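Just below is one structure, and these are the notes that go with it.
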Amino acid sequence: LNVGGERVVQRRRSTLCALKGSFLASRFSGASKRGLGWRYRGDDNFALSVRTAPSLTGEKTGNTLAPGDAFQVAEEQRGPDGILYLKLADGRGWVFERKPGVGVMCERVKEQDLDREGRHFVNYSPTIFLPLLDYLGMKELEVKGHPVPPPKAPEHMRDEFDAMLRDFGILPSMGIGESRLLLAMAMPYSAVPWWAYGLAFEVRTKRRPILLTALETCGVTREGDEVSEGGSPTATAPAPPPVLCTLHVAEGPLRERLGQRSAWIEVGRGTLAHRTGSRIVLANSIMIKPAVATCLYIATAVPAGDLGRSGVAFGAPTPAGVSAEDGDVAVMTGHFSTRFDDFSDGGWYPFIGKIEYTLPLSQE
277 LNVGGERVVQ
287 RRRSTLCALK
297 GSFLASRFSG
307 ASKRGLGWRY
317 RGDDNFALSV
327 RTAPSLTGEK
337 TGNTLAPGDA
347 FQVAEEQRGP
357 DGILYLKLAD
367 GRGWVFERKP
377 GVGVMCERVK
387 EQDLDREGRH
397 FVNYSPTIFL
407 PLLDYLGMKE
417 LEVKGHPVPP
427 PKAPEHMRDE
437 FDAMLRDFGI
447 LPSMGIGESR
457 LLLAMAMPYS
467 AVPWWAYGLA
477 FEVRTKRRPI
487 LLTALETCGV
497 TREGDEVSEG
507 GSPTATAPAP
517 PPVLCTLHVA
527 EGPLRERLGQ
537 RSAWIEVGRG
547 TLAHRTGSRI
557 VLANSIMIKP
567 AVATCLYIAT
577 AVPAGDLGRS
587 GVAFGAPTPA
597 GVSAEDGDVA
607 VMTGHFSTRF
617 DDFSDGGWYP
627 FIGKIEYTLP
637 LSQE
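Per the numbering used here, numbering through the sequence shown is continuous, rising by one, with the last residue being 640.
Spelled out as structure tokens, the structure:
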């Protein structure tokens, strides 16, 4: 691979194809020698529903293509309406090359770019492409139940990194869905009664996948409460220093993940101000799927000797179950921790804050 004209690297074809269904895998799979490469453009930012037959009004299979998705075609068929229908080589069904009133839907993938030495040219800086290669290498060796942490963007090139992932079809809907906010504010931050080293809880989506992008909560310090009135700093007292924190994610029921240190993958870092909403942005969006429990864990960097004097805030004990929900997602009550892998095993406690997420695209 010639990466951006700056670096030449070698990788196995299987590594580059570790993410099945992505445009990156399609480019390097060699499938173009066996079939015709196509890509769904999605200029209107809608997902394209796959049909059971070569017809615009054909029954939908339930499968979709997101903008940027690449695919192979086993058969092309021109319909009586003049539209070119494409049969997906993987057997999922049919899509169409264009749609009246909309325009071109799918286009043929251009020939692979090669440099003068015959090396595959990747038109991205090594600074953002090489971390993706490292991730693909780990993904190829991934063990079930121990997912590989998502690739991290260099802080100064996060926008370019995310654009590259979308272009390769690795994050096809990131940033182009409908952004929403779930308020889990059972009480104001100024009135939160409990805090600890960490808090872990489940997030469940109801009907369709969501992309979790950020969350907001607050910290509490005993020092801040000692110099405040009514839960807010006085005019003369300086604000206490914020609490450093990390955000982790793990798939599976919370009960099974408590105490499994290796199951938690760090996805974000930030600081929690005393009784003030503090936003933590994920390094990369996390997809939460229906019927798959996904756990979030907010852990602080409170020294062992200061446990109890500061931490992440949460609500008073409450019955196990939903603590906040809307039409898309539910946040469940969770357990607090006194160190990274030492959780309470008694009561359940609600997350206090906000969950930011993106809905998947609507369907054509």
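The C-beta atom is built at its ideal place from N, Cα and C for all residues, glycine as well.
No experiment lies behind these values; they were computed from the predicted model shown.
Could you check which residue in the options has the C-alpha nearest to that of residue i?
| i | options | result |
| --- | --- | --- |
| E478 | P343, L300, N321 and F627 | F627 |
| P516 | L548, E601, L457 and E542 | L548 |
| S262 | A539, P518 and G528 | Residue 262 cannot be examined here, being either before or after the span of the chain that is shown, 277 to 640. |
| L457 | A490, A472 and Y465 | A490 |
| A467 | V578, T552, T333 and V349 | T552 |
| Q286 | E335, F619, L635 and L412 | L412 |
On the DSSP bridge assignment, give the partners of residue i in chain order.
| i | result |
| --- | --- |
| T609 | According to DSSP, which records beta bridges pairwise, T609 is partnered with nothing at all. |
| A526 | C571 |
| E601 | A606 |
| I556 | L491 |
| M563 | L487 |
| A717 | Beyond the ends of the chain as shown, which are 277 and 640, falls residue 717; an answer cannot be given. |
| A346 | R315 |
| A596 | DSSP output for A596 lists no bridge partner at all. |
| T333 | Partner(s): none; T333 has no beta bridge. |
| R384 | W314 |
Exposed or buried, which one is residue i when buried takes at least 16 other CB atoms within 10 Å?
| i | result |
| --- | --- |
| E492 | buried |
| T570 | buried |
| M463 | exposed |
| T576 | buried |
| E632 | buried |
| N399 | exposed |
| H550 | buried |
| V605 | buried |
| T497 | buried |
| R422 | With the sequence shown as reference, residue 422 is identified as His, and Arg is not the correct amino acid for it. By the 10 Å Cβ count, H422 comes out exposed. |
| S455 | exposed |
Which of helix, strand or coil does DSSP assign to residue i?
| i | result |
| --- | --- |
| Y316 | strand |
| T328 | coil |
| K415 | helix |
| S401 | coil |
| D618 | strand |
| R551 | coil |
| E373 | coil |
| S290 | helix |
| F590 | strand |
| A460 | strand |
| L534 | coil |
| G500 | helix |
| V284 | strand |
| E436 | helix |
| L295 | coil |
| S455 | strand |
| K309 | At K309 the pLDDT is 44, less than 50, meaning the model places this residue with poor confidence; the figure from the coordinates comes in the next sentence. If DSSP states are grouped into helix, strand and coil, K309 belongs with the helices. |
| F627 | coil |
| L477 | Inspection of the sequence shows that residue 477 is occupied by Phe rather than by Leu. If DSSP states are grouped into helix, strand and coil, F477 belongs with the strands. |
Quick one: what's got a C-beta closer than 8 Å to residue i's C-beta in the same chain, skipping five residues either side?
| i | result |
| --- | --- |
| E351 | L362 and K363 |
| L360 | E352, Q353, R354, F372, E373 and R374 |
| I678 | With the chain covering only 277 through 640, there is no way to say anything about residue 678. |
Closer than 6 Å by C-beta to residue i: which residues in its own chain qualify, once you throw out the five before and the five after it? Chain order, please.
| i | result |
| --- | --- |
| Y316 | L324, L341, D345 and C382 |
| A460 | A600, V607, F627 and G629 |
| G318 | P343 |
| D410 | none |
| A539 | A526 and R533 |
| A301 | C293 and L295 |
| K415 | A294 and V424 |
| S401 | G280 |
Counting only the same chain and skipping the five closest in sequence on each side, list residues whose C-beta sits under 7 Å from that of residue i.
| i | result |
| --- | --- |
| I564 | V479, T481, P485, I486, L488 and T570 |
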